[in-house]
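First up is the structure itself, then whatever we jot down about it.
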Amino acid sequence: MYDIVIVGAGPAGLTAAIYARRASKSVLVLEAKSYGGQIVNTPDIENYPVAAHISGYDFATKIYEQATFLGAKVVFDKAVDIKMNGDEKEVVTVGGSYVCKAVILATGSENRKLGVDGEDELVGRGISYCATCDGAFYRKKTVAVVGGGNTALEDALYLSDIAEKVYLIHRRSSFRGEESTVNRLKERENVEFVLNSSVTKLSAGKRLESIEVTDTAGNTKTLDVNGLFVAVGRIPENQNFGKIVNLDEAGYIIAGEDCLTSAKGVFVAGDNRSKSVRQLVTATADGAVAATEAVKYINSL
Ligand code: NAP
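Here it is, written out as structure tokens:
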């Protein structure tokens, strides 16, 4: 029996582990993939207080080491269900199950697909969802990035240092991401903005060869590209927990700043929570709040 099982070893989950261990609670962190969550794909974090420049991988590794040093146990296994047995909860995983008093869901989110025919088949053959993982394969080549959020902007900036040419394709005329990054992109001679446009077709031989882009007026054009980096947002990974806690229309777990869900003893932290600002700093803040609330809950049992 653990005091707290935390589902997800991203910044939110690992920060929750740090807070819960410092409150002397026994902590198990379950992670389906590898620790760090989506931040490991960010080459350079510039907006986290104190760390003016740190890679996402280094950031994640430091929190992981801090949490495990403090005594949090991490098991790499996917949580698929929670059985609510009064004050006891059983977190069911692919490999087994774990009993605890409180659960913190810090599962984050996964890549949203573009939804164009052939996308799945071309992953690893020209289509990528991670510029920092795959960008180096496109040295001196032509790539396109799709999306208008911070991820797309930062990916385009990163790729413009590697690739010969970068198209940034966005379905609207203005970007959702930070203006300062847009301005930096405008200064890059090898970046071309393709606005009010969507990718409508992928053409490939063994690998992706070109994409068809259609603008809002219905005009199409073909861009010869070696790589297409899809950065059109993320989907919360709450699919397994929708019958335990209330989700909003977009699938985020409904909770306020106190990270309390609709289920007693189940808390949420990070990008899978309904909120307006999804940033590293808000994910770690959620971790602290969720753990503190979970400790309060356990102490009241
Ligand atoms: P996002 O902010 O949700 O942006 C997704 C973008 O993709 C939007 O521009 C959206 O267009 C577009 N889009 C969505 N579905 C599409 C589709 N089917 N076809 C074409 N375009 C589509 O996602 P994100 O950029 O991954 O960022 C997620 C969160 O992480 C954000 O809060 C972001 O600020 C944060 N983030 C922060 C940093 C940082 O602080 N350094 C870095 C990366 C991400 P519309 O604009 O038209 O809706």
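Under my numbering, think of the first position of the sequence shown as 8, with each following residue one higher.
All C-beta atoms, glycine included, are put in the ideal place defined by N, C-alpha and C.
Just so we're clear, the structure is a prediction, and the values are computed from it rather than from any experiment.
The Cβ atoms of Pro18 and Ala59 lie no closer than 8 Å to each other. The C-beta of Ser31 has fewer than 16 other C-beta atoms within 10 Å across all chains shown, which makes the residue exposed. Each residue's CA atom was taken as its position, placing Thr75 and Val81 some 7 Å apart. Boundaries of the beta strand (DSSP E) harbouring Val98: 95–100, taken from the DSSP string. Counting the other CB atoms within 10 Å of its CB gives Val34 a total of 16 or more, which places it among the buried residues. Bridge pairing for Asn54: absent [DSSP].
For Ala159, same chain residues with a beta-carbon under 6 Å away, outside a window of 5 residues either side, are Val152, Ala238 in chain order.
Within the model, the alpha-carbon separation for Thr227 versus Arg179 is close to 16 Å.
Classified as buried, Glu300 has 16 or more neighbouring CB atoms from the shown chains inside 10 Å of its CB. In the three-state reduction of the DSSP assignment, Glu128 falls in the helix class.
When DSSP states are grouped into helix, strand and coil, Asp141 belongs to the helix group. Burial is judged here by how many other beta carbons sit within 10 angstroms of a residue's own beta carbon; Thr114 has at least 16 and is buried.
By the CB criterion at 8 Å, Ser281 and Ile261 fall inside the cutoff. Annotation for Lys228: the continuous beta strand (DSSP E) segment containing it runs 227–231. Between Asn233 and Leu112, the C-beta spacing is not below 8 Å. In this structure, ligand 1 has no non-hydrogen atom nearer than 7 Å to the beta-carbon of Leu37.
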